[in-house]
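Participant: Going by the numbering used here, the residue at position 52 of the sequence shown is 65; the numbering climbs one at a time, nothing skipped.
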Amino acid sequence: MAQVSFHLDDVVQLKKPHACGSNQWRVIRMGMDIRVKCEACGHSVLIPRPRFERLVRKVLHPGSSVAAEMNSSSTDS
Ligand SMILES: [Zn+2]
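(1) Taking TRP38 and VAL25 to be in contact with their CB atoms under 8 angstroms, please state how far apart those CB atoms are, rounded to whole angstroms.
(2) Below 7 angstroms, is the gap between the Cβ of SER35 and the nearest heavy atom of ligand 1?
(3) Given that a residue counts as buried once 16 or more other Cβ atoms are within 10 Å of its Cβ, and exposed if not, what is ASP23?
(4) For VAL58 and VAL49, what's the separation of their Cα atoms in angstroms?
(5) Would you check whether ligand 1 has a heavy atom nearer than 7 angstroms to the C-beta of HIS56?
(6) Return yes when the Cβ of ASP46 is within less than 8 angstroms of the Cβ of PRO61, no when it is not.
(7) Residues in the same chain with beta-carbon distance under 8 angstroms from LEU68, minus the five sequence neighbours each way, listed in chain order, please.
(8) Using a 10 Å radius around the Cβ and a threshold of 16 neighbouring Cβ atoms, would you call CYS51 buried or exposed?
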């Protein structure tokens with residue numbers, strides 16, 4: 014069983030869509046429980062970590078930890 018790894022500020026796709034129809038959620042807090050915010054309507058929910066790990070289908074957009082690696086430095090002429 015492959016486990017999806019996720020990090021703070023990632024946008025993930027869950028197997029269960031929110032009531033508003035979107036299944037894209039942003040991870041806004043990590044801990045024993047994971048707090049995620051619906052990307053469509055902004056509603057946030059707290060999900061116990063073991064349950065959340067089973068709900069994650071895939072990571073759609075890596076969060077700031079990856080974005081920080083990208084530095085636009087090749088602009089010297
Ligand atoms: Zn929603």
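C-beta: ideal position from N, C-alpha, C; glycine also.
Bear in mind that the values here come from a model prediction, so they are computed numbers and not experimental data.
Facilitator: Taking the coordinates as given:
(1) Here residue 38 refers to the residue found at position 25 of the sequence shown. Here residue 25 refers to the residue found at position 12 of the sequence shown. Right, their Cβ atoms sit about 6 angstroms apart.
(2) Within the sequence shown, residue 35 is the residue found at index 22, counting from 1. In this structure, SER35 has its beta carbon less than 7 angstroms from a heavy atom of ligand 1.
(3) For this step, residue 23 is matched to residue 10 along the sequence shown. Burial call: buried.
(4) The residue labelled residue 58 in the question sits at position 45 within the sequence shown. The residue labelled residue 49 in the question sits at position 36 within the sequence shown. Taking the straight line joining both Cα atoms gives about 6 angstroms.
(5) For the purposes of this step, residue 56 is taken as the residue at position 43 of the sequence shown. Answer for HIS56: yes, Cβ within range of ligand 1.
(6) The sequence position of residue 61 within the sequence shown is 48, counting from 1. The sequence position of residue 46 within the sequence shown is 33, counting from 1. Contact annotation: PRO61 and ASP46 have beta-carbon atoms nearer than 8 angstroms.
(7) For the purposes of this step, residue 68 is taken as residue 55 along the sequence shown, with counting starting at 1. The residues are LEU27, LYS28, LYS29, ILE60.
(8) Indexing the sequence shown from 1 puts residue 51 at position 38. It counts as buried.
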